[in-house]
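Going by numbering that gives the first Met the number 0, 51 is the number at position 52 of the sequence shown; the sequence numbering is gapless. Ideal Cβ placement from N, Cα and C applies to all residues, glycine included. A quick note: this is a predicted structure, and the numbers were derived from the prediction, not measured.
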Amino acid sequence: MKEIDESHSVPRNNEFYVLLGDVVSSRKIENREKFQNHLINTYSELNQIYETDLYAKLDIIKGSDEIGCVLHRIDHLYEIISSITNKLNPHYMRFVCVKGIVDAGISTKKISQMDGPVFHKASDLMDSLKKEELIFRMNTENKVIDSLVTNNINLIYLIKSKWSLKKFKIINEYERSKDQVSTAEKLNLTPQVISYNLKSANWSELHRIETDLKESLKLIARYHE
């Protein structure tokens with residue numbers, strides 16, 4: 000018997016996770032059309048990679064300033080946020096993730112046509128986040144989980160925000176290749192420069208923290224299934 004794919008099924012209580020992303024200082028972006036095309040390419044790629052996590056795909060919901068999606072689970076929440084942040088550098092977004100009820104437009108599977116209490120909660124949380132110097136807030140009505148995930152993501156971002164664009168590119172390429180020599184060749188640098196930047200960024204320690212966060216989110220997702 001063929002297995003039924005329930006990855007896009009509707010939960011009995013219509014509860015989902017809504018992720019919203021808002022471009023910080025969007026008015027300062029000089030070429031907004033180029034940026035918007037880059038943003039579209041970025042979330043289109045992520046829609047393919049994380050297809051089974053998404054009930055409603057990532058899409059632009061307010062001009063070129065805000066994107067959003069509806070998630071079944073948060074297994075790969077950090078990967079999605081981190082990927083967007085990495086690809087948009089030196090621009091960046093702030094994000095909120097809220098768990099709650101969707102009660103309109105569910106069958107469309109399009110975030111622009113969906114509505115419900117969770118969207119209002121997410122919008123209010125985004126308004127609150129805009130008053131802070133942080134990039135992430137989470138509300139699943141579990142204060143312990145929300146605090147731990149929120150603080151970890153914000154601390155990781157605060158560390159990375161101190162990196163130069165050169166260091167950011169080096170680490171990004173190294174994470175892709177997993178090899179210092181090939182990273183040096185790709186960026187036309189010496190292996191010594193790659194090694195220095197990895198050490199000065201405390202990459203090994205930060206990578207361990209990111210790995211632990213990803214594993215924790217998977218455990219949280221299983222616990223709340």
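Counterpart residues of Lys98 in DSSP-defined beta bridges: In the sequence shown, residue 98 corresponds to position 99, counting from 1. The beta-bridge partner set that DSSP reports for Lys98 consists of Tyr16.
Touch check for the segment 25-45 and the segment 79-96: three-plus C-beta pairs under 8 angstroms? Of all C-beta pairs linking the segment 25-45 to the segment 79-96, three or more are shorter than 8 angstroms, placing the two stretches in contact.
Selection from Glu174, Ile66 and His37 that minimises the alpha carbon distance to Asn88: Taking the sequence shown and counting its residues from 1, one reaches residue 88 at position 89. Closest option to Asn88, Cα to Cα, is His37.
As a quick exercise: from Val143, Glu32 and Ala55, pick the residue whose alpha carbon is nearest that of Met113. Along the sequence shown, one-based indexing puts residue 113 at 114. Of Val143, Glu32 and Ala55, the smallest CA-CA separation from Met113 is found for Ala55.
Do you know how far the Cα of Glu214 is from the Cα of Gln35? The count along the sequence shown starts at 1 and reaches residue 35 at position 36. The count along the sequence shown starts at 1 and reaches residue 214 at position 215. One C-alpha to the other measures close to 32 angstroms.
Under the DSSP definition of a beta bridge, which residues are partnered with Asp21? Here the question's residue 21 lines up with position 22 in the sequence shown. DSSP, once it has assigned bridges, lists Glu65 and Arg93 as partnering Asp21.
Along the chain, where does the beta strand (DSSP E) containing Arg136 start, and where does it finish? Against the sequence shown, residue 136 aligns to sequence position 137. Counting along the chain, the beta strand (DSSP E) containing Arg136 begins and ends at Phe135 to Asn138.
To the nearest angstrom, how far is the alpha carbon of Lys159 from that of Phe167? In the sequence shown, counting from the first residue as 1, residue 159 sits at position 160. In the sequence shown, counting from the first residue as 1, residue 167 sits at position 168. Taking the Cα positions, Lys159 is about 8 angstroms away from Phe167.
Could you check whether the segment 194-213 touches the segment 169-181, counting it as contact only if at least three pairs of C-beta atoms, one from each stretch, sit closer than 8 angstroms? They touch, by the three-pair rule.
If you measure from the beta carbon of Asn201 to each beta carbon in chain C, is any gap under 7 angstroms? In the displayed structure, chain C is absent; only one protein chain is listed.
With burial defined as no fewer than 16 other Cβ atoms inside 10 Å of the residue's Cβ, what is the status of Thr182: buried or exposed? Taking the sequence shown and counting its residues from 1, one reaches residue 182 at position 183. Around the C-beta of Thr182, 16 or more other C-beta atoms lie within 10 Å, and the residue is accordingly described as buried.
Out of curiosity, what's the CA-to-CA distance linking Met125 and Gln191? Sequence index remark: in the sequence shown, residue 125 carries index 126 (1-based). Sequence index remark: in the sequence shown, residue 191 carries index 192 (1-based). Taking the straight line joining both Cα atoms gives about 42 angstroms.
Drop a sphere of 10 angstroms on the beta-carbon of Lys98, count the other beta-carbons inside from all chains shown, and report buried for 16 or more, exposed for fewer. Your numbering for residue 98 matches position 99 in the sequence shown. Label assigned to Lys98: buried.
Secondary structure, alpha helix (DSSP H): runs of 4+ residues fully inside the segment 150-217: 164-176, 179-186 and 190-199, all fully within the segment 150-217.
Which partner residues of Asp126 appear in the DSSP bridge assignment? Position 127 of the sequence shown holds residue 126. Within the DSSP secondary-structure output, Asp126 pairs in no beta bridge.
Taking 8 angstroms as the cut-off, does the segment 55-75 touch the segment 12-19 (at least 3 CB pairs, one atom from each stretch)? Verdict: yes, contact present.
Contacting residues, own chain, Cβ-Cβ under 8 angstroms from Asp102 (five flanking each side not counted): Numbered from 1 along the sequence shown, position 103 holds the residue referred to as residue 102. Around Asp102: Asn13, Asp114, Gly115 and Pro116.
Taking the straight line between their C-alpha atoms, what separation do you get for Val143 and Ile219? Counting from 1 along the sequence shown, the entry for residue 143 is found at position 144. Counting from 1 along the sequence shown, the entry for residue 219 is found at position 220. If I take the Cα positions, the gap works out to 11 angstroms.
In the DSSP assignment, what are the bridge partners of Ile59? What you label residue 59 is simply residue 60 of the sequence shown in a count that begins at 1. DSSP lists Ile66 as the bridge partner or partners of Ile59.
Spatially closest choice to Thr189 from Lys61, Trp202, Ile169 and His206, by CA coordinates: Along the sequence shown, one-based indexing puts residue 189 at 190. The option with the nearest alpha carbon to Thr189 is Ile169.
What residues are listed by DSSP as bridge partners for Asp114? To locate residue 114, count along the sequence shown from 1; it is residue 115. Under the DSSP definition of a beta bridge, Asp114 partners with Ala103.
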